[in-house]
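Working notes, beginning with the structure itself.
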Amino acid sequence: MAVPSTDIFKLGFIGAGNMAESIARGVSKSGVLPASSIRTAHPRPQRQQLFQSFGVSIVQDNAQVVDDSDIVILSVKPQVVKQVLLDLKPFFTEEKLLVSIAAGIKLRDLQEWSGQRRVIRVMPNTPSAVGEAASVMCLGEMATKKDEERVTSLFRAIGKVWTADEKYFDAVTGLSGSGPAYIYLAIEALADGGVAAGLPRDLALGLASQTVLGAATMVNKTGKHPGQLKDAVTSPAGTTIAGINELERGAFRGTLMSAVIAATKRCHELSQS
Numbered sequence: 002m003a004v005p006s007t008d009i010f011k012l013g014f015i016g017a018g019n020m021a022e023s024i025a026r027g028v029s030k031s032g033v034l035p036a037s038s039i040r041t042a043h044p045r046p047q048r049q050q051l052f053q054s055f056g057v058s059i060v061q062d063n064a065q066v067v068d069d070s071d072i073v074i075l076s077v078k079p080q081v082v083k084q085v086l087l088d089l090k091p092f093f094t095e096e097k098l099l100v101s102i103a104a105g106i107k108l109r110d111l112q113e114w115s116g117q118r119r120v121i122r123v124m125p126n127t128p129s130a131v132g133e134a135a136s137v138m139c140l141g142e143m144a145t146k147k148d149e150e151r152v153t154s155l156f157r158a159i160g161k162v163w164t165a166d167e168k169y170f171d172a173v174t175g176l177s178g179s180g181p182a183y184i185y186l187a188i189e190a191l192a193d194g195g196v197a198a199g200l201p202r203d204l205a206l207g208l209a210s211q212t213v214l215g216a217a218t219m220v221n222k223t224g225k226h227p228g229q230l231k232d233a234v235t236s237p238a239g240t241t242i243a244g245i246n247e248l249e250r251g252a253f254r255g256t257l258m259s260a261v262i263a264a265t266k267r268c269h270e271l272s273q274s
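Written as structure tokens, this is what we have:
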């Protein structure tokens with residue numbers, strides 16, 4: 002059972018989409034904050050009912066969200082961030098912290114459009130929906146140690162959190178932001194391979210997804226290098242090395258590296274536009 006936090010603050014979401022829902026659910030479920038300390042503005046009726054179902058308060062508009070919150074998480078589409086922040090600029094004060102999870106929007110723009118100097122930028126990814134996010138955060142010039150601790154606690158409620166310089170964020174997007182899609186392709190391909198080898202589809206997909214989960218957990222929990230773990234499965238003239246030989250012939254590792262680099266490049270292009 003989660004132990005309630007002794008540091009209770011008011012958390013608001015500008016934007017009530019899937020990522021906001023994942024964070025709000027994780028935060029309340031883990032005991033970081035009670036759901037009564039979380040609010041968002043009236044979204045579509047279906048979304049409103051969803052947030053209310055686990056105790057989040059629905060207020061009249063985004064201005065009230067800012068006014069009623071100590072930390073404001075900006076979770077709208079990147080293309081509307083500028084207008085949203087310009088509209089809310091009069092309602093921000095020095096006592097409030099702005100946290101943006103909008104992809105590609107730099108700290109300097111967030112600060113300029115909102116008038117805020119206490120800003121933190123976070124890049125989570127979609128496995129936040131199941132509490133297994135990989136999130137990276139960078140701090141604005143006036144963000145305090147307390148701000149960092151609070152935001153870390155929020156995003157730990159949905160997975161793991163790292164702190165890095167903003168210059169790495171395009172590459173973070175290329176790896177952990179887009180990376181789940183690469184792994185979904187790998188799971189699908191492993192399952193297809195199982196079917197091609199004669200397995201029933203449901204068994205092949207179950208084995209493929211659990212195998213990927215198990216392998217990732219081995220890396221995370223043993224602390225061993227992936228190469229070391231790979232070697233432990235790969236016996237001389239055995240089945241695994243035969244499979245690895247085919248992966249190497251198909252440039253498996255090089256292709257994954259190229260995917261990360263291509264996504265990083267595209268993220269950089271988008272952030273410049």
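Counting in our numbering, the sequence shown runs from 2 upward without gaps. All C-beta atoms in this analysis are idealised placements derived from N, C-alpha and C, irrespective of residue type, glycine included.
- Here the C-alpha atom of Gly207 lies approximately 14 Å from the C-alpha atom of Ala216.
- Across the structure, Met20 and Val81 are spaced so that their CA atoms are roughly 16 Å apart.
- Each residue's CA atom was taken as its position, placing Leu108 and Thr41 some 23 Å apart.
- Buried is the label assigned to Ala25, since at least 16 other Cβ atoms lie within 10 Å of its Cβ.
- The C-beta distance from Phe93 to Val120 rounds to 10 Å, too long to fall under 8 Å, and the pair is not in contact.
- Within the model, the alpha-carbon separation for Val234 versus Gly194 is close to 19 Å.
- When Cβ pairs closer than 8 Å are counted between the two stretches, the segment 147 to 157 is seen not to touch the segment 41 to 57, the count staying below three.
- Setting aside the 5 residues that flank it on each side, Thr174 is surrounded in the same chain by Ala104, Gly105, Met124, Ala264, Thr265 and Cys268, each with a C-beta closer than 8 Å to its C-beta; the list follows chain order.
- Straight-line spacing of the CA atoms in Gly32 and Asp8 works out to 11 Å.
- Annotated three-state conformation of Thr164 is strand, per DSSP.
- Per DSSP, the beta bridge partners of Thr41 are Phe14 and Ile59.
- Restricting attention to Phe170, Met143 and Ala130, the CA atom closest to the CA of Leu271 is found in Phe170.
- Here Leu99 is near Ser115, since their CB atoms are less than 8 Å apart.
- Taking C-alpha positions only, Phe253 is separated from Ala187 by approximately 10 Å.
- Looking only at Leu248, Thr256, Gly132 and Ile15, the smallest Cα-Cα distance to Asp62 is reached by Ile15.
- Scanning its chain for C-beta atoms nearer than 8 Å, with the 5 sequence neighbours on each side dropped, one finds around Asp166 the residues Cys139, in chain order.
- According to DSSP, Cys139 shares a beta bridge with Arg122.
- Collapsing the DSSP output to three states places Val73 in a strand.
- Assigned with DSSP and collapsed to three states, Ala104 falls in coil, not helix or strand.
- Spatial neighbours of Gln65 in its own chain (CB-CB distance under 6 Å, excluding positions within 5 residues in sequence) are not present.
- For Gln50, the uninterrupted alpha helix (DSSP H) run begins and ends at Pro46 to Ser54, by DSSP.
- Here Pro181 is near Asn126, since their CB atoms are less than 8 Å apart.
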